[in-house]
Amino acid sequence: MAKKTAIKATEMPKTSSIIGTFTGKCCDAAVFNNNDMKLNRELFEHLLASDEYKDAMEHRYYIGYLGHPEDPGAQTFQDACIVMTSMEITDDDEIYGTFDLIDTPVGRIVKSFIDAGVQWGISIRGAGDVDAEGNVDPDTFVFRGFDLVAFPAYADAVPEFQQIAASKNLDDQVKFKRV
1 MAKKTAIKAT EMPKTSSIIG TFTGKCCDAA VFNNNDMKLN RELFEHLLAS DEYKDAMEHR
61 YYIGYLGHPE DPGAQTFQDA CIVMTSMEIT DDDEIYGTFD LIDTPVGRIV KSFIDAGVQW
121 GISIRGAGDV DAEGNVDPDT FVFRGFDLVA FPAYADAVPE FQQIAASKNL DDQVKFKRV
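Its first residue numbered 1, the sequence shown is counted upward by one per residue in this note's numbering.
Written as structure tokens, this is what we have:
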């Protein structure tokens, strides 16, 4: 019988599951989007101040998909590819975010399209009451994150992608080359 060698967790190679990072504009609380809806500043301030948002950010629960799933609260992750790491609203009501592109099968597909020149848009995922004028009610809005899309609800919601290869960390560079 061959002798088995056990590898302790501390001896296992450290690898990252992050292929790269998207950073940029996600929404504009001052204007109606291409879906004729307005998610105003009050909505985002309410969201950013909520305990649910703070807890979800702490636990990295805002997982995004390639394309919007049919159910805004989807918990099926076969199309998952990004995780939101930050969101902020500027003085001029623009919402910016940062998202890690994750090394999932879909994350690798996204990276292949990026390598082919595709620029992905970012689009908010959530649900809430919308009044007759198209304003989304901040008190009923349930935020579930952002998704990568080909046609974002805001034409300029096209975040910049920074691949890991630009890192000075040798382990990150090796990870990128493997992908």
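No residue lacks a Cβ here, since even glycine has one placed at the ideal position from N, Cα and C.
Can you give me the Cβ contacts of residue i inside the same chain, cut-off strictly under 7 Å, excluding the 5 residues immediately before and after it?
| i | result |
| --- | --- |
| Q119 | V158 |
| G145 | Y62, I63, G64, M84 and R125 |
| F44 | A29, I89 and I95 |
Checking the sheet assignment: what are the DSSP bridge partners for residue i?
| i | result |
| --- | --- |
| S86 | T98 |
| L66 | L148 |
| A188 | The structure shown does not extend to residue 188, since the chain spans only 1 to 179, so no value can be given for it. |
| A80 | Y65 |
Alpha carbon to alpha carbon, how far is residue j from residue i? Give it in angstroms, no decimals.
| i | j | result |
| --- | --- | --- |
| G107 | F99 | 12 Å |
| R125 | P152 | 11 Å |
| L66 | D93 | 26 Å |
| N33 | C27 | 8 Å |
| I63 | T76 | 10 Å |
| G20 | Y61 | 18 Å |
| I114 | A155 | 18 Å |
| D129 | I164 | 40 Å |
| K111 | A49 | 33 Å |
| T90 | E58 | 22 Å |
| S16 | E70 | 30 Å |
| K25 | I102 | 20 Å |
Given residue i, which residues of its chain have a CB within under 6 Å of its CB, disregarding the five upstream and five downstream residues?
| i | result |
| --- | --- |
| L47 | Y53 and F143 |
| D147 | G64, Y65, H68, S123 and R125 |
| D36 | G134 |
| E42 | P138 |
| G121 | V149, P152, A157 and V158 |
| Q78 | none |
| I18 | D100 |
| A56 | Y62 |
| M87 | G97 |
| V31 | none |
Does the distance between the C-beta of residue i and the nearest non-hydrogen atom of the ligand SAM fall short of 8 Å?
| i | result |
| --- | --- |
| L101 | This structure lacks the ligand SAM; in fact it carries no ligand of any kind. |
Who are the near neighbours of residue i in its chain, counting only those whose CB is closer than 8 Å to its CB and skipping five residues on each side?
| i | result |
| --- | --- |
| T23 | Y96, G97, T98, F99, P159, E160 and Q162 |
| L39 | C27, A29, N33, I124, V136 and F141 |
| D131 | D137 |
Given a threshold of 16 other Cβ atoms within 10 Å of its Cβ, counted over all protein chains shown, does residue i qualify as buried or as exposed?
| i | result |
| --- | --- |
| I109 | exposed |
| D137 | exposed |
| V51 | Reading off the sequence shown, one finds Asp at residue 51, where the question assumed Val. Exposed, by the Cβ-count rule. |
| A80 | buried |
| T104 | buried |
| V83 | buried |
| G117 | exposed |
Within the region 99-166, ranges of the beta strand (DSSP E) (whole runs, at least 3 residues): Fully enclosed beta strand (DSSP E) runs of no fewer than 3 residues occupy 121-127, 142-149 and 160-163 of the region 99-166, in order along the chain.
3 or more residues per run - each beta strand (DSSP E) lying fully within the region 15-39: 18-28, all fully within the region 15-39.
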